[in-house]
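Participant: Can you keep this structure in mind? I'll have questions shortly.
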Amino acid sequence: MSGVWVFKNGVYRLVENPQAEGSDGRQGKGSGSRKKVLVHLPTGEVVSSYSFLEQILTGLGWERYYGGDPHLYQFHKHSSIDLISLPRDFSKFSSINMYDIVIKNPNVFHVRDM
5 MSGVWVFKNG VYRLVENPQA EGSDGRQGKG SGSRKKVLVH LPTGEVVSSY
55 SFLEQILTGL GWERYYGGDP HLYQFHKHSS IDLISLPRDF SKFSSINMYD
105 IVIKNPNVFH VRDM
């Protein structure tokens with residue numbers, strides 16, 4: 005994971021290409037930002053669906069959490085306070101969601117450019 009962590013309006017976020025981002029925090033046109041994919045390191049497979057992701061997370065001790073926002077898929081672990089929240093629509097699964105999964109599951113996932 006490379007880039008610069010930026011703190012703005014009370015929120016930290018990773019800016020992967022700070023030269024391509026404007027001063028207002030938005031990506032510039034033609035910034036060359038590449039589509040990211042989440043890779044399951046033990047198998048080398050790209051996570052292409054929530055059903056595949058859920059299989060992996062379940063194997064790592066994560067459980068579906070049904071008590072939250074109905075617009076999200078959420079997973080939690082009994083052994084921690086961590087919660088993974090993902091948009092219900094897989095097409096809106098972004099690099100921010102991917103990095104959240106990577107941070108909470110070190111050495112299991114990696115985010116790569118397509």
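Take the sequence shown: its position 80, counting from 1, is numbered 84 in my numbering, and each next residue is one higher.
Every residue, glycine too, gets a C-beta built ideally from N, C-alpha and C.
Can at least three beta-carbon pairs, one atom from the region 37-52 and one from the region 64-84, be found at a separation below 8 Å?
Facilitator: Flag = no, the region 37-52 and the region 64-84 do not touch.
Participant: Could you tell me the distance, in whole angstroms, from the CA atom of Tyr16 to the CA atom of Thr47?
Facilitator: About 31 Å.
Participant: Could you please give the first and the last residue of the uninterrupted beta strand (DSSP E) stretch that includes Glu67?
Facilitator: Unbroken beta strand (DSSP E) run through Glu67: Glu67 to Tyr69.
Participant: Can you tell which of Gly14, Ser53, Leu64 and Ser89 has the C-alpha that lies nearest to the C-alpha of Ser95?
Facilitator: It is Ser53.
Participant: Considering only residues of the region 71-118, which uninterrupted alpha helix (DSSP H) runs meet the minimum length of 4 residues and lie entirely inside it, listed in chain order?
Facilitator: Entirely contained in the region 71-118, the alpha helix (DSSP H) runs reaching 4 residues are, in chain order, 99-108.
Participant: Would you kindly work out how many angstroms separate the C-alpha atoms of Phe113 and Ile105, rounded to a whole number?
Facilitator: Answer to the nearest angstrom: the Cα atoms are 7 Å apart.
Participant: Quick one: measure Cβ to Cβ for Arg38 and Asp117, integer angstroms, because I've assumed they're closer than 8 Å.
Facilitator: With a Cβ gap of about 4 Å, Arg38 and Asp117 count as contacting.
Participant: What are the boundary residues of the beta strand (DSSP E) that includes Leu18?
Facilitator: Leu18 -> beta strand (DSSP E) spans Val15 to Val19.
Participant: Terminal residues of the continuous beta strand (DSSP E) containing Leu64?
Facilitator: Careful: Leu64 lies outside any beta strand (DSSP E) and carries neither H nor E.
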